[in-house]
Every structure is written in C-alpha cells, then in structure tokens.
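Engineer:
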Amino acid sequence: MDNTSFSSNEGKPIRCKAAICRKAGEALVIEDIHVDPPQPYEVRIKILCTSLCHTDLTFWKLDFGPISRFPRILGHEAVGVVESIGENVVGFKQGDVVLPVFHPYCEECKDCKSSKTNWCERYAEDFISNTRRYGMASRFKDSSGEVIHHFLFVSSFSEYTVVDIAHLVKISPEIPVDKAALLSCGVSTGIGAAWKVANVEEGSTVAVFGLGAVGLAVAEGARLRGAAKIIGIDTNPDKFELGKKFGFTDFINPTLCGEKKVSEVVKEMTKGGVDYSFECVGLASLLNEAFISTRTGTGKTVMLGMEKHAAPISLGSFDLLRGRNICGSLFGGLKSKLDIPILVDHYLKKELNLDSFITHELNFKEINKAFALLEEGKSLRCILWMDK
Amino acid sequence: MENGNSSGDNKSSRKPIRCKAAVSRKAGEPLVMEEIMVAPPQPYEVRIRIICTALCHSDVTFWKLQVPPACFPRILGHEAIGVVESVGENVKEVVEGDTVLPTFMPDCGECVDCKSQKSNLCSKFPFKVSPWMPRYENSSRFTDLNGQTLFHFLNVSSFSEYTVLDVANIVKIDSSIPPSRACLLSCGVSTGVGAAWETAKVEQGSTVVIFGLGSIGLAVAEGARLCGASRIIGVDINPAKFQVGQNFGITEFVNSMTCEKKSVSEVINEMTGGGADYCFECVGSSSLVQEAYACCRQGWGKTITLGVDKPGSQICLDSFDVLHHGKILMGSLFGGLKAKTHIPLLLKRYLSNELELDKFVTHEMKFEEINDAFQLLLEGKCIRCVLWMG
Numbered sequence: 001m002d003n004t005s006f007s008s009n010e011g012k013p014i015r016c017k018a019a020i021c022r023k024a025g026e027a028l029v030i031e032d033i034h035v036d037p038p039q040p041y042e043v044r045i046k047i048l049c050t051s052l053c054h055t056d057l058t059f060w061k062l063d064f065g066p067i068s069r070f071p072r073i074l075g076h077e078a079v080g081v082v083e084s085i086g087e088n089v090v091g092f093k094q095g096d097v098v099l100p101v102f103h104p105y106c107e108e109c110k111d112c113k114s115s116k117t118n119w120c121e122r123y124a125e126d127f128i129s130n131t132r133r134y135g136m137a138s139r140f141k142d143s144s145g146e147v148i149h150h151f152l153f154v155s156s157f158s159e160y161t162v163v164d165i166a167h168l169v170k171i172s173p174e175i176p177v178d179k180a181a182l183l184s185c186g187v188s189t190g191i192g193a194a195w196k197v198a199n200v201e202e203g204s205t206v207a208v209f210g211l212g213a214v215g216l217a218v219a220e221g222a223r224l225r226g227a228a229k230i231i232g233i234d235t236n237p238d239k240f241e242l243g244k245k246f247g248f249t250d251f252i253n254p255t256l257c258g259e260k261k262v263s264e265v266v267k268e269m270t271k272g273g274v275d276y277s278f279e280c281v282g283l284a285s286l287l288n289e290a291f292i293s294t295r296t297g298t299g300k301t302v303m304l305g306m307e308k309h310a311a312p313i314s315l316g317s318f319d320l321l322r323g324r325n326i327c328g329s330l331f332g333g334l335k336s337k338l339d340i341p342i343l344v345d346h347y348l349k350k351e352l353n354l355d356s357f358i359t360h361e362l363n364f365k366e367i368n369k370a371f372a373l374l375e376e377g378k379s380l381r382c383i384l385w386m387d388k
Numbered sequence: 001m002e003n004g005n006s007s008g009d010n011k012s013s014r015k016p017i018r019c020k021a022a023v024s025r026k027a028g029e030p031l032v033m034e035e036i037m038v039a040p041p042q043p044y045e046v047r048i049r050i051i052c053t054a055l056c057h058s059d060v061t062f063w064k065l066q067v068p069p070a071c072f073p074r075i076l077g078h079e080a081i082g083v084v085e086s087v088g089e090n091v092k093e094v095v096e097g098d099t100v101l102p103t104f105m106p107d108c109g110e111c112v113d114c115k116s117q118k119s120n121l122c123s124k125f126p127f128k129v130s131p132w133m134p135r136y137e138n139s140s141r142f143t144d145l146n147g148q149t150l151f152h153f154l155n156v157s158s159f160s161e162y163t164v165l166d167v168a169n170i171v172k173i174d175s176s177i178p179p180s181r182a183c184l185l186s187c188g189v190s191t192g193v194g195a196a197w198e199t200a201k202v203e204q205g206s207t208v209v210i211f212g213l214g215s216i217g218l219a220v221a222e223g224a225r226l227c228g229a230s231r232i233i234g235v236d237i238n239p240a241k242f243q244v245g246q247n248f249g250i251t252e253f254v255n256s257m258t259c260e261k262k263s264v265s266e267v268i269n270e271m272t273g274g275g276a277d278y279c280f281e282c283v284g285s286s287s288l289v290q291e292a293y294a295c296c297r298q299g300w301g302k303t304i305t306l307g308v309d310k311p312g313s314q315i316c317l318d319s320f321d322v323l324h325h326g327k328i329l330m331g332s333l334f335g336g337l338k339a340k341t342h343i344p345l346l347l348k349r350y351l352s353n354e355l356e357l358d359k360f361v362t363h364e365m366k367f368e369e370i371n372d373a374f375q376l377l378l379e380g381k382c383i384r385c386v387l388w389m390g
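If you read the sequences in order, they're chains A and B.
Quick note on the UniProt record's numbering: the first sequence kicks off at 1 and runs consecutively.
Quick note on the UniProt record's numbering: the second sequence kicks off at 1 and runs consecutively.
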C-alpha cells in the first residue's frame with residue numbers, strides 16, 4: 001500500500017504521468033500532464049493499479065460519434081487512494097482506498113432510491129461529458145496546456161485522476177488492490193448480471209455467449225448460485241480450459257457446429273433450452289441466438305455486450321410470445337456503493353474467485369503491450385501497476 | 001353412417017354424432033352452417049356438447065389467412081363452455097355431465113414445464129396452430145357428410161354443437177356459473193387478466209399503458225385495475241373505445257391517429273414524465289411493440305406483448321437503448337396462466353364480485369348467426385359476442 005504524504009499538493013495541480021490517446025487506434029503515449037484539484041463533489045485520487053477492459057479498446061479505436069474525442073485519457077477499471085477531496089464531499093477522506101466506477105449512483109434520484117434498477121435518472125443518460133457536474137470542463141491538461149478529455153468519468157490511465165462522488169466507492173483496505181480493481185467494472189458486471197439481473201437460482205441451466213472477463217464473471221456468479229449447467233460459447237478454444245476454473249460444465253465452439261446454429265446445439269444439450277442466457281460479446285446476431293437458446297415459457301436473456309456497430313437487434317415476434325424475456329443491463333444491475341462492498345466481502349471470505357481473472361501484470365509504462373494482448377485474445381485481465 | 005366402436009368400455013355413447021357446425025371452407029368467406037360427423041373420443045379424450053362459444057380475434061386471423069398455418073376446411077372457435085357427453089379410455093379427470101371449459105393452451109400436468117411454477121408452456125404438447133388433435137398424429141375427429149376430413153383449430157374447434165378435446169385441453173368447472181360469463185375465461189379475458197396479474201405482476205400504484213382496446217386490451221385493464229394500478233392509459237385508433245374503456249378502469253385515452261406530428265410513444269412519455277411502468281401490446285403488430293418499448297420507463301419499465309403478429313415478423317430495437325436503459329421486454333401466451341390452476345382461481349374472483357365479466361359480453365346471438373358476429377368483430381362494434389347453441 002502506498003504511503004506518500006499527500007498534504008503538499010492539496011488545492012494545487014499535480015504534475016504526473018498519463019497514457020494519452022491522441023489519435024484513434026494509435027499507440028498511447030506516456031506524457032507528463034497536470035491534474036487540477038477537485039471541484040465541489042469531486043475527489044482526486046492516486047491510482048494504484050488499473051486494468052484494461054474491452055470497452056477501453058472499443059473507444060480507443062472509435063473515431064466518429066459524440067463520444068469520440070482526442071486527446072483523451074482512457075481507462076475505467078482501477079483502484080486508488082484518495083489524495084484530496086473537494087467541498088461538499090462526505091464519506092471520503094485522504095488515504096481511503098476507493099474504486100472509481102463508470103456507472104453513476106447519485107443516491108438521490110427516483111431510480112437510485114428504487115431497489116428495482118441501477119439506472120440513475122439524474123446522471124446515467126449522459127455518458128459523454130468530461131465531468132459529471134461541470135459538463136465539458138476537464139481536470140486534465142497536457143504539458144503545453146491543451147485540454148485532455150476524460151473517459152466515462154474515470155480516466156484511470158493516469159497516475160492521478162479526478163472523479164465525481166457519484167462514481168466512487170470506498171472499500172475495505174484488506175482486499176489486495178489488484179483484485180479490488182477488477183470489481184470496478186468487468187467482474188462486477190458479470191456477477192451482478194447473474195445475481196441481480198437474472199437472479200439465477202440453484203439448479204438452473206445457463207448459457208454464456210463470449211468468454212471474456214464479463215462472460216467468465218457471469219459463470220462465476222452462476223456457479224456461486226448453484227447453477228446445474230453452465231455452457232460457455234466462444235470461437236476461441238483456448239478459452240475453454242480457462243473457463244473450467246469458473247464453473248463452466250460444457251463448451252460450444254460455433255465454428256465447429258457445421259450446419260447447426262448454436263441455439264440448436266444448446267437446445268439439444270438442455271432438452272429444450274436454457275433457463276438463462278447472457279450475451280457478453282456485443283453482436284446483435286449473437287443476441288438473437290442467445291435469445292432463442294432459452295427455454296420457452298421461462299427463458300430469460302440478458303444483454304451485456306455493447307453492440308460494436310450499433311446494429312439493431314431483431315427478435316422474432318413468435319419467439320418472444322412464447323414466454324421469453326429479454327433485457328439489457330449496465331454494470332450488472334449493481335448499485336456501486338451498496339453492492340461492491342458486498343462483493344469485496346465475498347472475496348475476503350474466500351467465496352468469490354477473483355485471482356483467476358488476472359492473467360498478466362505489467363508496469364503502467366507497458367500499457368500498449370496490454371492493449372496488444374487483449375486484442376489478440378491472449379489475456380483476460382492485465383493489471384497495470386503504477387509503481388512497479 | 002355408424003362405426004360403433006365398443007372396446008369393452010361401459011360408456012353408452014361410443015358412436016359418431018351427427019350435428020351442426022359452422023365450417024370455414026375458404027379463407028375470408030362466410031362460414032357454412034352444415035351437418036358434420038363428430039367421431040367418439042379416443043383414449044385421453046372427451047367429447048363435449050358446446051353450450052355457448054364466443055368469437056375471438058384469433059379466430060378471425062386464421063379465418064382470413066390464406067397461407068399455413070391456416071388450412072381449410074376447418075372448424076374454428078376456441079373460446080367456449082360445454083358439457084361432457086362421453087369420455088375415452090384413461091380419462092379420470094371428468095365424467096359425463098361435467099361442465100368444462102376447453103382451453104387452447106395444453107396443461108398436461110406431467111411434463112417438467114407443467115410441473116414448474118414458472119412456465120405455462122407445456123412441453124408434452126408444444127403450442128402450435130395445428131390442424132389435428134394433439135395426441136395422435138394427423139388425426140381429426142371431424143368429417144363432413146361427404147366423408148371429407150375437417151381440420152381442428154387450436155385443440156378446441158368450438159364452432160360446432162359437439163367437439164372432441166384432449167384432457168390436457170379441458171378444465172372442469174362449477175356448473176352453476178352463467179355459461180356466457182364462464183366461457184370468456186377459456187381464452188380472452190384470462191389472457192388479458194393473466195398478463196397483468198401473472199406475466200407482468202402489475203403492482204399497486206403503477207402506471208400502465210395498453211395498446212389496442214379489443215377484448216384482450218380491456219381484459220388487461222381489468223387485470224391492472226384488480227392489481228391496483230393508479231393510471232391505465234388506453235391507446236387505440238377508434239375513439240369509440242374510450243367510452244367503452246372507462247367501464248374497464250381506463251383513466252386516460254390516446255388516439256394514435258390524432259397525435260399530429262408526435263409519435264404515440266412521445267405523447268406517452270410526456271404524459272407519464274418519462275414512460276410507464278408497464279406497457280402492453282394487444283394488437284399483434286411488431287412496430288407497435290417497438291412503440292410500446294419506447295414509452296416504457298427506463299430502469300424498471302416492462303413491455304409485454306400479447307398480440308399475435310404474422311408468422312416470421314420481427315421486432316427491431318435499438319441496441320444502445322436495450323443495453324443501457326434496463327427495460328424488460330416479455331411475451332406470453334394465455335397471460336402466462338396455467339389453465340387448470342388459474343382458471344378456477346379467476347372463477348372464484350368472479351363469484352366473489354372482484355373480477356367483472358358481464359361488461360365483456362356486448363352481444364348474445366344464436367349460433368346460426370355466427371357470420372353476423374364475425375362482421376361485428378371486423379367492424380370493431382363488439383367486445384365479446386356469445387353464440388348460444390340451440
């Protein structure tokens with residue numbers, strides 16, 4: 001754990017290193033930047049480690065649309081320590097171990113007060129602004145004074161970042177920080193999807209399309225609930241060996257199904273279809289397969305993957321009418337400040353396996369290697385340490 | 001023509017019955033009232049004498065349709081009430097003289113789905129619009145007087161003085177309930193009330209929107225009313241439905257033809273401050289399902305589809321919308337109800353004056369006037385038209 005004295009920088013900009021994305025799809029550049037002090041309701045945090053999530057990859061490559069802006073600091077899965085707090089910040093103090101979370105939880109709006117959803121009507125619609133409460137105002141400048149844009153209200157590919165309190169969770173300092181970082185996005189999304197969104201029960205059958213970190217986390221969540229059969233579907237057979245650690249009981253490689261559709265294979269394996277299916281890739285056609293893989297009368301499909309080309313989803317009316325159910329979910333239906341501490345607790349009690357998600361560890365400066373590993377499908381979660 | 005088939009059973013009537021039926025011989029053409037032969041029940045089947053039957057839009061759909069699964073000549077009708085005339089072997093559930101509701105949705109009670117609390121889709125007799133009896137391959141109990149096979153419809157075929165049903169498609173009920181009210185629970189009212197109560201689980205104080213104020217939509221309103229919904233917004237293109245709808249608990253009405261430059265979903269989003277808790281599509285149009293989805297509330301909004309669209313129709317949704325907003329899209333057949341479990345419960349609620357059925361019956365006619373009933377329904381001039389057998 002870091003024990004730098006923070007008091008010297010309070011109220012002043014901090015000069016530190018960040019990995020900047022200056023052009024879509026090009027290698028990130030490690031540069032010196034300035035990070036302004038936190039405004040009211042904001043917290044400046046020192047990042048301890050950060051991991052790469054597929055969503056970072058998607059937006060790194062994207063060069064059109066409202067969310068595409070450069071130069072920018074990507075990264076949204078991380079763990080840090082509070083360096084200083086802005087006015088009106090309650091519940092956080094210097095030295096607290098915190099997780100920044102891309103999905104907002106303002107605690108005050110109708111949705112945040114309801115147990116039925118993790119939507120936040122106050123903030124969730126806006127995923128484009130740089131800062132939550134200050135629109136396009138940014139806390140980052142490069143060494144020439146040019147504004148650098150934020151990403152998903154986190155921007156963790158930097159030694160320091162500024163995060164709104166609606167996007168921050170205080171956690172126990174007992175959990176090893178690299179495991180904690182995983183809970184700030186991917187793993188929580190998957191487990192939450194199984195537990196909260198689908199509410200997988202003991203003895204259920206489950207199909208997971210896409211065995212990246214989110215898909216494997218869904219399996220972990222389903223395993224902990226006592227699912228009887230967890231089928232993993234992926235075109236990369238390397239994922240199968242890894243998947244066994246997460247509770248998968250069966251695997252299907254769509255490229256080896258011949259004329260049959262994956263959904264047909266799933267239905268054969270389960271005598272009619274699974275109780276729950278999860279789409280963890282981001283392809284409308286795969287979502288439809290996931291949808292018809294479920295059992296009529298009770299089947300529930302959860303969409304977790306972000307459609308890569310914004311392609312529309314097309315579902316058969318008859319397939320829906322036969323008692324099926326489909327919904328999408330961000331962050332696995334979790335309310336960050338309430339649910340992440342519960343997951344941390346499960347890990348500390350040795351009930352939740354987080355260790356198996358980490359396949360690589362690198363120094364922050366080698367971030368581009370981490371991008372390459374993920375693109376090539378060779379890594380699950382690569383932890384980037386700021387100080388090692 | 002007799003082919004008495006006594007197989008050691010001590011029931012008296014094991015011969016074909018000659019009776020009147022309204023036969024649909026050609027798509028979209030008036031039904032022909034003719035004499036037909038109804039064969040005796042096979043094992044696990046019962047033959048019933050229909051007391052009365054009501055016309056449902058699904059009958060109209062398959063009457064008009066010129067491609068499979070439409071087929072001709074066929075005996076349509078699936079919402080009815082009858083009395084058991086004879087039973088086949090192995091039938092333990094009912095005896096001659098029992099009053100039963102035929103139900104198009106099978107409930108075999110034995111398969112893993114019928115045994116599950118969560119599903120109402122029997123896997124022993126998977127739901128499909130079949131020309132035949134469910135248990136025996138390519139088997140019909142009807143022939144016309146020329147010996148030509150007549151096709152069944154939805155396991156019921158109630159536009160006939162007598163019909164044959166599988167035990168999976170009957171529910172025994174109390175004979176004291178007025179038949180013209182009880183028959184409604186064999187399809188339409190159960191579907192709508194069930195959708196609100198069982199599929200959607202509408203809560204007290206909810207805001208509900210119903211697209212399509214036919215019998216199903218009005219039954220959804222009745223169900224939502226029983227569940228304590230505080231606002232029930234009805235959407236239809238026929239302004240006359242609003243007057244009717246008020247009797248069913250509809251609090252506000254939107255005429256989708258007169259929304260000017262706005263889409264219905266925009267109007268509803270404005271009226272509800274961001275969308276309804278529950279939206280029901282009761283017409284059978286994928287584009288309307290999309291409209292309904294667009295005005296159900298982000299976070300916890302549920303859109304439920306009940307209407308049957310053309311085979312192969314697709315519902316198209318924006319992937320960003322689906323992923324981000326957390327809305328749920330669901331479909332159900334027969335309101336998610338298990339016939340043998342839930343119909344008796346609905347009848348109880350009728351008898352205790354909670355569930356109102358009288359207001360659904362707008363016309364009562366003689367069976368021979370069936371083509372007039374079709375016209376009334378096509379012109380949107382009736383809710384339920386009950387046809388009494390002679």
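Each residue gets a CB set at the ideal place from its N, CA and C atoms; glycine is no exception.
#1: What number of angstroms, rounded off, separates the C-alpha of Ala18(A) from the C-alpha of Glu146(A)?
#2: Quick one: residues in its chain with C-beta nearer than 8 Å to the C-beta of Val197(A), no 5 flanking neighbours on either side, listed in chain order?
#3: Using the beta-carbon count (16 or more within 10 Å), is Ala228(A) buried or exposed?
#4: What does a CB cutoff of less than 8 Å around Lys115(B) pick up in its chain, not counting 5 residues either side in sequence?
#5: Output needed in chain order: residues of the region 108-129 of chain A with a Cβ under 9 Å from some Cβ in chain B.
#6: Among the candidates Thr53(B), Tyr44(B), Glu252(B) and Glu260(B), whose CA atom is the shortest distance from the CA of Phe367(B)?
#7: In terms of alpha-carbon separation, which member of Lys378(A), Ser8(A), Pro37(A) and Val89(A) lies closest to Ala213(A)?
#8: Let me see if you follow: with CB-CB separation under 7 Å, is Asp113(B) close to chain A or not?
#9: Report, in whole angstroms, the separation of the C-beta atoms of Glu281(B) and Thr305(B), which I expect to be a contact under 8 Å.
#10: What does DSSP give as the partner residues of Ile14(A) in its beta bridges?
#11: Using a Cβ-Cβ distance under 7 Å, would Cys327(A) count as near chain B?
#12: Find the residues of chain A that neighbour Cys316(B), judging by a C-beta separation of less than 9 Å, and give them in chain order.
#13: If you run the structure through DSSP and keep just helix, strand and coil, what is Pro179(B)?
#14: By DSSP, does His149(A) sit in helix, in strand, or in coil?
#15: Excluding the 5 residues flanking Arg297(B) on each side, which residues of the same chain have their C-beta closer than 7 Å to its C-beta?
#16: Could you check the C-alpha separation between Phe102(A) and Gly234(B) for me, to the nearest Å?
#17: Report the rounded CA-to-CA distance for Gly223(B) versus Glu279(A), giving the unit in angstroms.
#18: Any beta carbon from chain B within less than 7 Å of Leu338(A)'s own beta carbon?
#19: Assuming Cys279(B) and Thr258(B) are in contact, meaning their beta carbons sit under 8 Å apart, how far apart are those beta carbons, in whole angstroms?
#20: Nearest by alpha-carbon distance to Leu376(B): which of His57(B), Ile48(B) and Leu121(B) is it?
#21: Ends of the beta strand (DSSP E) at Asn325(A)?
#22: Mind listing the chain A neighbours of Val322(B)? Cutoff is C-beta to C-beta under 9 Å, in chain order.
#23: Beta carbons nearer than 8 Å to chain D: which residues of the region 194-208 of chain A have them?
#24: Using 8 Å as the Cβ pair cut-off and three pairs as the minimum, do the region 18-38 of chain A and the region 150-160 of chain A touch?
#25: On the criterion of 16 or more Cβ atoms from any shown chain inside 10 Å, does Thr58(A) qualify as buried, or is it exposed?
#26: Inspect the beta-carbon positions of Lys20(B) and Phe72(B) and report whether they are closer than 7 Å.
#27: Can you tell me which of the three DSSP states Ala137(A) falls into?
#28: In chain order, what residues of the same chain have a beta carbon less than 6 Å from the beta carbon of Pro179(B), not counting five sequence neighbours either side?
#29: Find the residues of chain A that neighbour Leu337(B), judging by a C-beta separation of less than 7 Å, and give them in chain order.
#30: Any C-beta of chain A within less than 9 Å: which residues of the UniProt domain "Alcohol dehydrogenase-like N-terminal" (43-174) of chain B qualify?
#31: According to the Cβ coordinates, are Phe251(A) and Ala219(A) closer than 7 Å?
#32: Can you tell me whether Asp238(A) is buried or exposed, with buried defined as 16 or more other CB within 10 angstroms of its CB?
#33: What three-state label does DSSP hand Asp56(A) in the structure shown?
#34: How would you list, in chain order, the residues of chain B whose beta-carbon sits under 8 Å from the beta-carbon of Thr161(A)?
#35: Is the closest heavy atom of the ligand FAD to the C-beta of Glu366(A) under 6 Å?
#36: Going along chain B in order, which residues have a C-beta closer than 7 Å to the C-beta of Ala284(A)?
Structural biologist: Put simply:
#1: Between Ala18(A) and Glu146(A), the alpha-carbon positions lie close to 14 Å from each other.
#2: Val302, Cys327, Ser329, Gly332 and Gly333
#3: exposed
#4: Gly109
#5: From the region 108-129 of chain A, only Lys110, Asp111, Ser114, Lys116, Thr117, Asn118, Trp119, Cys120, Glu121, Ala124, Glu125 and Phe127 have a Cβ closer than 9 Å to chain B.
#6: Thr53(B)
#7: Lys378(A)
#8: yes
#9: A Cβ-Cβ separation of about 5 Å places Glu281(B) in contact with Thr305(B) under the 8 Å criterion.
#10: Val35(A)
#11: yes
#12: Pro312, Ile313, Ser314 and Leu315
#13: helix
#14: strand
#15: Gly274, Gly275, Ala276 and Asp277
#16: 39 Å
#17: 34 Å
#18: no
#19: The pair is not a contact, with the Cβ atoms about 20 Å apart (cut-off 8 Å).
#20: Considering only alpha carbons, the answer is His57(B).
#21: Asn325 to Gly328
#22: Leu287, Met303, Glu307, Ile313, Ile326, Cys327 and Gly328
#23: Here chain D cannot be found, since the structure's protein chains are A and B.
#24: yes
#25: exposed
#26: no
#27: Three-state result, Ala137(A): coil.
#28: Ile51, Cys52 and Ile81
#29: Those within 7 Å of Leu337(B) in chain A number zero; the least Cβ separation is about 11 Å.
#30: Listed by position along the chain: Val112, Asp113, Ser116, Lys118, Ser119, Asn120, Leu121, Cys122, Ser123, Pro126 and Phe127.
#31: No, the Cβ-Cβ distance between Phe251(A) and Ala219(A) is not below 7 Å.
#32: exposed
#33: helix
#34: Those within 8 Å of Thr161(A) in chain B number zero; the least Cβ separation is about 24 Å.
#35: With respect to the ligand FAD, the structure shown offers nothing to examine, as it has no ligands at all.
#36: Under the 7 Å cutoff, chain B gives Ser319.
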